[in-house]
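**Student:**
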Amino acid sequence: MREVEMTVPHLFRCPISLDLFTDPVTLCTGQTYDRSSIEKWLAAGNLTCPVTMQKLHDLSLVPNHNLRHLIQQWRQMDHRLGPDYFTAIDPLVSLKHCLQSPQSTFQEKLEALQKIQLLTDQTPSTNPFLIQIGFLPLLLQLSFQMVDPEFSQDYMNFVEQGLTCVLKLLPYGELESLNMLKQDSKLESLVVLFEHGSIMMKQSLCHLVGVISSSSSTRELCSMIGKHPRFLNLIVCVVNQNNEASETGIKAISALCCLESNRGKLVQQGLIDALVTYILNSERSLAAMAMAILEQVLGIERAKEALIKNPNGVKAVVKMVFRVSDHEGSESAVNSLMMVCRESLEAREKAIAAGVLTQLLLLLQSQCNGRTKTKATTLLKLL
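Counting in full-length UniProt numbering, the sequence shown runs from 1 upward without gaps.
(1) How about Ser-143: is its C-beta nearer than 9 Å to some C-beta of chain D?
(2) I need the boundaries of the alpha helix (DSSP H) containing Val-191, first residue and last residue.
(3) Can you give the Cα-Cα distance for Leu-382 and Leu-357, rounded to whole angstroms?
(4) Can you name the residues that DSSP bridges to Thr-48?
(5) Around the Cβ of Leu-298, are there at least 16 other Cβ atoms within 10 angstroms (buried) or fewer (exposed)?
(6) Tell me the DSSP secondary structure of Met-6 in three-state form.
(7) Assuming Leu-364 and Val-334 are in contact, meaning their beta carbons sit under 8 Å apart, how far apart are those beta carbons, in whole angstroms?
(8) Going along the chain, which residues of its own chain have a beta-carbon closer than 7 Å to the beta-carbon of Leu-181, five neighbours each way excluded?
(9) Where DSSP assigns a beta bridge to Asp-34, which residues make up the other side?
(10) To the nearest angstrom, how far is the alpha carbon of Leu-99 from that of Ser-223?
(11) Does the count of Cβ pairs from the stretch 91 to 98 and the stretch 57 to 72 closer than 8 Å reach three?
(12) Excluding the 5 residues preceding and the 5 following Gly-313 in the sequence, name in chain order all residues of the same chain whose CB lies nearer than 6 Å to its CB.
(13) In three-state terms, what does DSSP make of Val-147?
(14) So Met-180 is in the alpha helix (DSSP H); what residue range does that whole segment cover?
(15) Note down the Cα distance separating residue 395 from Thr-123, rounded to an integer number of angstroms.
(16) Under the three-state reduction of DSSP, which class applies to Arg-13: helix, strand or coil?
(17) Relative to the alpha-carbon of Val-166, which residue among Ile-116, Asn-243 and Ile-199 has its alpha-carbon at the smallest distance?
(18) In three-state DSSP terms, what is Pro-311?
(19) For my contact list, Leu-140 and Leu-178 are in at a C-beta cut-off of 8 Å; report their separation, rounded to the angstrom.
(20) Can the beta-carbon of Lys-227 be found less than 9 Å from the beta-carbon of Lys-265?
(21) In the DSSP assignment, what residue or residues form a beta bridge with Pro-137?
(22) Using C-beta distances below 7 Å, list every residue in its chain close to Leu-70, excluding the 5 sequence neighbours before and after it, in chain order.
(23) Using the rule of at least 16 other Cβ atoms within 10 Å of the residue's Cβ for burial, across every protein chain shown, is Ser-125 buried or exposed?
(24) Please go through the same chain and pick out, in chain order, the residues whose beta-carbon is closer than 6 Å to the beta-carbon of Asn-240, but skip the five residues on each side of it.
(25) If you drop the 5 nearest sequence neighbours on each side, which residues of the same chain put their C-beta closer than 6 Å to that of Pro-128?
(26) Apart from the five residues on each side of it in sequence, which residues of its chain come closer than 6 Å, Cβ to Cβ, to Leu-27?
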């Protein structure tokens with residue numbers, strides 16, 4: 001019996017029972033336990049992680065499918081894995097222990113995180129191993145734990161690297177891990193990091209919002225973000241800033257608009273003016289995406305009013321009707337003009353003054369698709 005026990009790799013043992021995992025589940029701390037063992041621990045009234053002793057703000061148990069699959073492979077191979085496996089996994093376990101341990105100094109944790117980022121950048125083949133041993137929820141926990149009010153350079157580096165690693169691991173992991181951000185404290189940390197963080201942090205958080213909005217498993221979290229006016233205001237403001245974060249801001253807003261309830265909230269935070277500024281500011285690569293967002297929200301009466309009220313609103317849309325470089329965004333622009341011009345004489349007058357008739361004629365003579373030409377003809381008749 002002892003010989004059999006000795007053949008079970010440490011990674012495959014539950015930290016509570018010390019037995020081989022049968023149903024591995026991961027806590028919000030990133031630590032994995034056998035379901036029956038951790039359920040008994042929680043049922044006894046314990047609200048901490050048995051290994052790290054961190055207080056559990058989220059009692060969700062996320063199935064660790066990767067580890068379960070690995071154990072199944074190990075069993076099928078007669079309790080043997082390739083010799084390279086444990087050579088690769090052991091240093092990762094040590095890095096995880098360093099990040100979890102209360103005895104580790106901040107500098108030691110920062111160095112451990114730097115090594116992990118280097119691995120995710122230079123050796124993507126290690127990413128599945130990082131997922132198997134629970135790095136994704138751990139890195140999320142560390143990135144969104146108590147915010148340093150002084151925003152020291154070391155703290156900024158730590159969060160930047162943590163978020164970068166999270167984004168590298170998400171394609172390999174369970175997106176349910178992101179639901180820890182539904183905790184009030186974590187969601188507030190996200191907002192504060194976005195408000196006071198570096199451009200790199202803002203970009204990473206925008207990418208994270210995009211991932212959250214793309215999955216049905218995090219749809220409730222997407223809705224919660226959409227109900228946070230301060231965050232929506234911050235992300236709209238990012239679009240107005242002429243820096244590297246503007247384009248990731250556009251992508252994040254486009255993702256958030258997957259929920260109709262989020263669109264009205266974004267309009268309330270000044271989305272229309274931000275999109276107009278973005279489209280007019282320069283020949284930006286995501287101008288067509290900004291135009292598509294504008295078309296999407298113009299079903300809201302308040303959005304139509306804001307576009308017409310903005311001195312450059314209709315002009316920005318007219319600009320997108322025809323562009324020499326490409327026709328991307330043309331159909332959205334034509335649709336948007338039809339929505340605002342149908343019931344507004346002021347909008348029609350502004351569109352004509354902005355040169356929409358010439359733009360439409362050029363579009364009709366171009367190589368755009370037949371559907372866009374049909375809509376352009378309808379708009380000409382409306383004007």
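Glycine residues also receive a C-beta, built at the ideal position from the N, C-alpha and C atoms.
**Tutor:** With the structure as the only source:
(1) Absence of chain D from the displayed structure is noted, only one protein chain being present.
(2) Sequence index remark: in the sequence shown, residue 191 carries index 191 (1-based). Counting along the chain, the alpha helix (DSSP H) containing Val-191 begins and ends at 184 to 196.
(3) Here the question's residue 382 lines up with position 382 in the sequence shown. Here the question's residue 357 lines up with position 357 in the sequence shown. About 11 Å.
(4) The residue labelled residue 48 in the question sits at position 48 within the sequence shown. DSSP lists Lys-55 as partners of Thr-48.
(5) For the purposes of this step, residue 298 is taken as residue 298 along the sequence shown, with counting starting at 1. That one is buried.
(6) Looking up residue 6 in the sequence shown gives position 6. Note that Met-6 scores a pLDDT of 41, beneath 50, so its modelled location is shaky and nothing firm can be said.
(7) Here residue 364 refers to the residue found at position 364 when the sequence shown is read from its first residue. Here residue 334 refers to the residue found at position 334 when the sequence shown is read from its first residue. Not confirmed; about 11 Å, so no contact.
(8) Here residue 181 refers to the residue found at position 181 when the sequence shown is read from its first residue. Once the five neighbours on either side are set aside, the close Cβ partners of Leu-181 are Phe-144, Leu-187, Leu-190 and Leu-221.
(9) As a first step, residue 34 is located in the sequence shown; it is residue number 34 there, counting from the start. Looking at the DSSP assignment, Asp-34 forms a beta bridge with Pro-24.
(10) As a position in the sequence shown, residue 99 is number 99, starting the count at 1. As a position in the sequence shown, residue 223 is number 223, starting the count at 1. Their backbone Cα atoms lie some 31 Å apart in a straight line.
(11) Short answer: they don't touch.
(12) Against the sequence shown, residue 313 aligns to sequence position 313. For Gly-313, where only same-chain residues beyond five positions count, the Cβ hits under 6 Å are Val-276 and Leu-307.
(13) Indexing the sequence shown from 1 puts residue 147 at position 147. Here Val-147 sits in coil by DSSP.
(14) Translated into positions along the sequence shown, residue 180 becomes position 180. No alpha helix (DSSP H) contains Met-180, which DSSP labels as neither H nor E.
(15) The structure shown does not extend to residue 395, since the chain spans only 1 to 383, so no value can be given for it.
(16) Taking the first residue of the sequence shown as position 1, residue 13 is located at position 13. Note: Arg-13 maps to strand in three-state DSSP.
(17) If you number the sequence shown from 1, residue 166 lands on position 166. Of the listed residues, the one whose Cα sits closest to Val-166 is Ile-116.
(18) Reading the sequence shown from its first residue, position 311 is the one you call residue 311. Residue state, collapsed to three classes: coil.
(19) If you number the sequence shown from 1, residue 140 lands on position 140. If you number the sequence shown from 1, residue 178 lands on position 178. About 7 Å; that satisfies the 8 Å criterion.
(20) Counted from its first residue, the sequence shown places residue 227 at position 227. Counted from its first residue, the sequence shown places residue 265 at position 265. Yes, they are a contact pair.
(21) Taking the first residue of the sequence shown as 1, we reach residue 137 at position 137. BP columns for Pro-137 are empty, so no partner.
(22) In the sequence shown, the residue the question calls residue 70 occupies position 70. Contacts found: Gln-132.
(23) The residue you call residue 125 lines up with position 125 of the sequence shown. Exposed is the call here.
(24) Here residue 240 corresponds to residue number 240 of the sequence shown, with the count starting at 1. Correct list, in chain order: Ala-274 and Thr-277.
(25) Taking the sequence shown and counting its residues from 1, one reaches residue 128 at position 128. Only Tyr-172 meet the Cβ criterion.
(26) The sequence position of residue 27 within the sequence shown is 27, counting from 1. Cβ neighbours of Leu-27 beyond the five flanking positions: Cys-49.
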